[in-house]
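K.L.:
Quick one: structure below, then a few questions.
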Amino acid sequence: MGTTPIFGFPYPDPSDLVANYPALGQQLAEDVEDEIIASGGLSLITGNTFSAVSSVSVDNCFTSTYANYVIYFKATASSGTPVLRLRLRVGGVDNSTAASYARQEAFFNNTTISGSRATDDLAFLGEIATVESNLIVNIFSPQLTTITSYRSVTQSGRLSAGIYDVAGTHNQTVAYDGFTATPASGTMTGGFRVYGVKN
Amino acid sequence: MEKLVVDVAQGSSVVRELTPDELTQMEADLAAAQAAETAAAAKAEADAAATAAAIAHAKSLGFTDAMIAVMYPNLGGNNE
């Protein structure tokens with residue numbers, strides 16, 4: 018019987034009879050699974066594509082397995098340049114508590130930098146456009162009964178190289194299990210991935 | 884209007900029509916977004932007017948566009 022050079026996983030030699038090692042297959046599968054879980058910083062939880070939808074809701078993606086998450090969005094708006102917004106949700110219900118989502122925004126367009134601060138009943142993630150935009154959202158502690166915070170950076174499709182950068186908090190100490198993302202107007206087409214960040 | 888609902892626990896993804904409550908919320912969100920856009924446009928117009936007035940006043944005191952650009956780089960009003 019041989020072993021792999023890096024992780025030392027056992028495997029039957031060509032001359033071995035597999036029947037002589039009845040538990041080897043299961044052991045090997047479990048060793049590989051343990052190593053995959055132990056290595057790497059991001060674990061893909063879920064992902065999907067969407068076409069001409071007014072919103073996307075993802076339930077049960079935030080669990081006790083991970084404290085922090087990364088969500089990748091790519092989206093093309095049906096028209097205009099709507100802001101992609103987000104509400105946290107639990108049990109299939111969005112939280113839209115008034116003034117519970119605070120944000121600090123910065124928008125970079127060539128040499129012009131603008132900023133603002135606001136509170137709302139939803140979070141701003143970034144601007145999408147009729148040309149594909151890409152967003153990376155870090156969400157911290159959504160599944161814990163504590164304040165949830167986030168940071169979202171968007172490559173805006175409206176500009177050849179514009180940046181929409183926003184950080185925010187949600188002041189409700191609720192253990193959320195998911196989120197809903199909605200463009201401020203119209204529909205959107207694209208996809209998303211949710212990753213858990215290894216604790 | 885349709886939305887995508889993904890449930891990781893169930894392993895399901897469904898595209899369905901919005902419920903009446905979801906439609907109501909969407910309409911309220913749209914109204915709020917439009918009001919915010921209107922307010923932002925009004926502020927931008929007021930800021931532009933204030934910038935133009937500030938530049939005009941500085942020029943009335945003898946400052947050139949180059950001087951204004953150096954002293955107040957955020958005015959962005961070099962008309963020379």
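The listed protein sequences correspond, in order, to chains A and B. For what it's worth, the numbering used here labels the leading residue of the first sequence as 18, then goes sequentially. For what it's worth, the numbering used here labels the leading residue of the second sequence as 884, then goes sequentially. C-beta: ideal position from N, C-alpha, C; glycine also. The structure displayed is predicted, hence computed values, not measured ones.
Could you tell me how far apart the beta carbons of L139 of chain A and S113 of chain A are, in whole angstroms, since I believe they sit closer than 8 Å?
P.N.:
The Cβ separation is near 7 Å, so the contact holds.
K.L.:
In or out: F24 of chain A buried (at least 16 other Cβ within 10 Å) or exposed?
P.N.:
Exposed, because fewer than 16 other Cβ atoms sit within 10 Å of the Cβ of F24 of chain A.
K.L.:
Just to check my reading of the structure: R175 of chain A and E144 of chain A have Cβ atoms closer than 8 Å, yes? What is that Cβ distance to the nearest angstrom?
P.N.:
Yes, they are in contact, since the Cβ atoms of R175 of chain A and E144 of chain A sit about 6 Å apart, within 8 Å.
K.L.:
Tell me which residues share the same chain as R210 of chain A and place their Cβ nearer than 6 Å to its Cβ, disregarding the 5 neighbours each side in the sequence.
P.N.:
The residues are G64 and Y89.
K.L.:
Under three-state DSSP, which class holds E963 of chain B?
P.N.:
Model confidence at E963 of chain B stands at a pLDDT of 36, short of 50, so the residue's coordinates are unreliable; what they give is reported in the following sentence. The answer is coil: DSSP assigns E963 of chain B none of H, G, I, E or B.
K.L.:
Quick check on this structure: which residue in A:V75, A:G19 and A:E50 has the alpha carbon closest to the alpha carbon of V891 of chain B?
P.N.:
Checking every option, the nearest Cα to that of V891 of chain B belongs to A:V75.
K.L.:
Going by the CB atoms, is the gap between T147 of chain A and T190 of chain A shorter than 8 Å?
P.N.:
Not in contact: T190 of chain A and T147 of chain A (Cβ atoms no closer than 8 Å).
K.L.:
Compare the beta carbon distance of G179 of chain A and F141 of chain A with 8 Å and say whether it is the shorter of the two.
P.N.:
No.
K.L.:
Got a sec: which bits of the region 58-82 of chain A sit with their beta carbon under 7 Å from any beta carbon on chain B, in order along the chain?
P.N.:
If the cut-off is 7 Å between Cβ atoms, the region 58-82 of chain A has I62, T63, N65, F67, V70, S71, S72, V73, S74, V75, D76, N77 and C78 near chain B.
K.L.:
So, is L226 of chain A buried or exposed, given that buried needs 16 or more other C-beta atoms within 10 angstroms?
P.N.:
Because chain A in this structure spans residues 18 to 216, residue 226 of chain A falls outside the shown range and cannot be described.
K.L.:
Residues of chain B with a CB under 8 Å from the CB of S113 of chain A: which are they?
P.N.:
Going along chain B in sequence order, the residues near S113 of chain A (Cβ under 8 Å) are Q908.
K.L.:
Under 8 Å, Cβ to Cβ, is there at least one residue of chain B near T219 of chain A?
P.N.:
The structure shown has nothing for residue 219 of chain A, since chain A only spans 18 to 216.
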